[in-house]
Structure formats: structure tokens, C-alpha cells
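Student: Encoded as C-alpha cells, here's the structure I'll be asking about.
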Amino acid sequence: MINRKQKIQIVSGAFALAAAAHCLPACADDDSYGCKVVLCLANPVSNGGPRAPDTCASAIDRLYSDLRHGRGFPQCSGSEMSVRQIDTPFDPCPAGTTAAATGALVVQGSVEHGRPGYGQSSGIKLTGTAQPSAPQNDDGNSYGPLACVGKQVGTHQTGSYASGDLQTISVYDRIVWQQPQSPSAIDVYEGGQFEQRIHY
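Be aware that the sequence shown starts at 1, since it is given in UniProt numbering, and climbs by one per residue.
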């Protein structure tokens with residue numbers, strides 16, 4: 001079984017030979033660079049990421065420089081892989097979770113039947129401390145972690161009406177926190193299916 005890293009090296013080598021045999025220098029400089037970029041971007045993070053194969057570092061560095069200077073993506077004719085530039089500091093949430101609303105107060109917990117309580121908080125056991133999901137600064141930029149939440153099991157209230165600090169917190173059976181990264185990101189697709197997101 002050929003893994004993705006081997007596939008990248010094999011296809012890159014095959015493409016380079018084809019380009020040398022059938023393309024003029026201008027064509028090779030354009031299309032072969034684009035195809036190398038697409039193949040290298042598809043190398044999964046678990047395998048070292050897009051710069052891991054020895055033949056990829058220079059092409060990926062050139063791509064990042066191009067994007068930072070407002071130049072577009074290179075093209076790769078006939079490739080099943082495609083890329084899309086996006087602006088987000090977070091990765092897609094893991095399977096079985098969704099992103100909580102920006103600023104929403106969330107906490108992980110579980111239902112315990114017979115546990116004393118009142119109202120909507122009855123029977124809820126909390127795990128950890130409530131936090132806002134992806135809080136933003138005055139400029140609208142996220143500076144805190146994003147909550148990827150599972151199934152909501154209830155709500156929990158803190159404070160009181162009398163003191164004016166009543167808060168309702170959503171309780172979920174699972175929360176995965178993601179730290180913000182660079183908002184400059186690339187989504188990689190193969191055959192129309194999402195593969196991974198790369199921040200640069």
C-alpha cells in the first residue's frame with residue numbers, strides 16, 4: 001500500500017519527467033509549480049505537513065510568499081486536487097461536534113438523575129469552568145479558543161435576577177477547545193472532498 005507521502009514523491013517525479021518531455025520552459029515553470037504545490041499541500045499534518053517532503057519546501061515557501069503579496073494560486077491542469085483560500089483562525093470542528101456561537105458561554109457536563117438542583121440546572125453535573133467560545137476583541141478578531149461542542153444536555157444558571165448578573169450557560173456532553181492560529185488558511189480538497197486546512 002502506497003501512503004500519501006510516497007504518492008506525492010512518485011507523482012511529483014512523474015510529473016517532472018512529463019513536464020520536461022512535453023512542455024516549453026514557460027509551461028513547466030507555471031504548470032509544474034502549480035501541480036507540485038497542490039500535491040504538497042495534500043500531505044497530511046500527521047505525515048509532517050506540506051513542507052515535509054524534501055522536494056516540497058521551496059515550492060510551499062514560494063506559495064506562501066505569493067499569497068502574502070496578493071498573488072493568486074498557481075494552476076494545475078487536470079488535477080483532482082484543488083485548494084481554496086479562506087480567512088479563519090480555526091480548523092473545522094472534529095466529527096460529532098459543531099462550532100459554538102461566537103461569545104456563547106459553554107461548559108462540559110453530564111446528566112445525573114437524582115442529583116439535587118432546581119429549574120433547568122437540575123440533575124446537571126459540570127466538568128470544568130464555563131468559558132466564552134471564540135471571544136473577540138474590539139476589532140472583531142478572535143483572541144480566545146473556539147468551543148467545538150457535542151450534544152447539549154441542559155443549561156446551568158449563575159448569579160441572580162436580584163443582583164443583575166444572571167447568566168445562562170449551555171452544557172454539552174463534549175467540548176473540544178481549539179486555540180486560534182493564523183487567520184490566513186488554505187482548504188485542500190481531493191475529488192471534491194475536504195482533506196485538511198493549512199494555516200500559514
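Cβ atoms here follow ideal geometry from the backbone N, Cα and C, with glycine treated the same way. In this text the structure is predicted, and so the values were computed from the model without any measurement.
Taking DSSP as the reference, what is the three-state secondary structure of residue 184?
Tutor: In this structure, residue 184 counts as strand in the three-state DSSP scheme.
Student: With distances taken from CA atoms, which of 166, 172 and 195 is nearest residue 96?
Tutor: Among 166, 172 and 195, the Cα nearest to that of residue 96 belongs to 172.
Student: In chain order, what residues of the same chain have a beta carbon less than 7 Å from the beta carbon of residue 80, not counting five sequence neighbours either side?
Tutor: Cβ neighbours of residue 80 beyond the five flanking positions: 190 and 191.
Student: In the DSSP output, which residue or residues are listed as bridge partners for residue 109?
Tutor: 126, per the DSSP bridge assignment.
Student: Just to confirm my understanding: we take residue 181, look at its own chain, exclude 5 residues before and 5 after, and list those with CB closer than 8 Å. What are they?
Tutor: Closer than 8 Å at Cβ, skipping near neighbours: 89, 90, 91 and 199.
Student: Can you say whether residue 36 is buried or exposed, counting buried as having 16 or more other CB atoms within 10 angstroms of its CB?
Tutor: Per the 10 Å Cβ criterion, buried.
Student: Could you pull out every residue in the same chain whose Cβ sits closer than 6 Å to the Cβ of residue 184, ignoring the five residues on either side in sequence?
Tutor: Correct list, in chain order: 200.
Student: Considering residue 37, what are the terminal residues of the beta strand (DSSP E) in which it resides?
Tutor: First-last for residue 37: 33 to 41, but that is the alpha helix (DSSP H), not the beta strand (DSSP E).
Student: In the DSSP output, which residue or residues are listed as bridge partners for residue 176?
Tutor: Answer is 148.
Student: Would you call the region 72 to 87 in contact with the region 33 to 51, where contact means no fewer than 3 C-beta pairs closer than 8 Å?
Tutor: Verdict: yes, contact present.
Student: Does DSSP put residue 163 in a helix, in a strand, or in coil?
Tutor: In this structure, residue 163 counts as coil in the three-state DSSP scheme.
Student: According to DSSP, simplified to helix, strand and coil, what is residue 87?
Tutor: Residue 87 falls in the strand class under three-state DSSP.
Student: Once DSSP output is grouped into helix, strand and coil, what is the label at residue 104?
Tutor: Coil, per DSSP.
Student: Chain B beta carbons: is any one of them nearer than 8 Å to that of residue 139?
Tutor: The structure shown contains no chain B; it holds only a single protein chain.
Student: Buried or exposed: where does residue 86 fall if 16 or more other Cβ atoms within 10 Å of its Cβ makes it buried?
Tutor: Counting Cβ neighbours within 10 Å, residue 86 comes out exposed, since fewer than 16 surround it.
Student: Alpha carbon to alpha carbon, how far is residue 49 from residue 66?
Tutor: If I take the Cα positions, the gap works out to 19 Å.
Student: Taking the beta carbon of residue 166 as the centre, do at least 16 other beta carbons fall within 10 Å, making it buried, or is it exposed?
Tutor: So residue 166 ends up on the exposed side.
Student: Are there 16 or more other CB atoms within 10 angstroms of the CB of residue 133, so buried, or fewer, so exposed?
Tutor: Looking at its Cβ environment, which holds 16 or more other Cβ atoms inside 10 Å, residue 133 is buried.
Student: So, residue 148 versus residue 179, is the Cβ gap smaller than 8 Å?
Tutor: No, Cβ-Cβ distance for residue 148 and residue 179 is not below 8 Å.
Student: Do residue 105 and residue 130 have their CB atoms nearer than 8 Å?
Tutor: Yes.
Student: What is the DSSP secondary structure of residue 71, reduced to helix, strand or coil?
Tutor: Coil, per DSSP.
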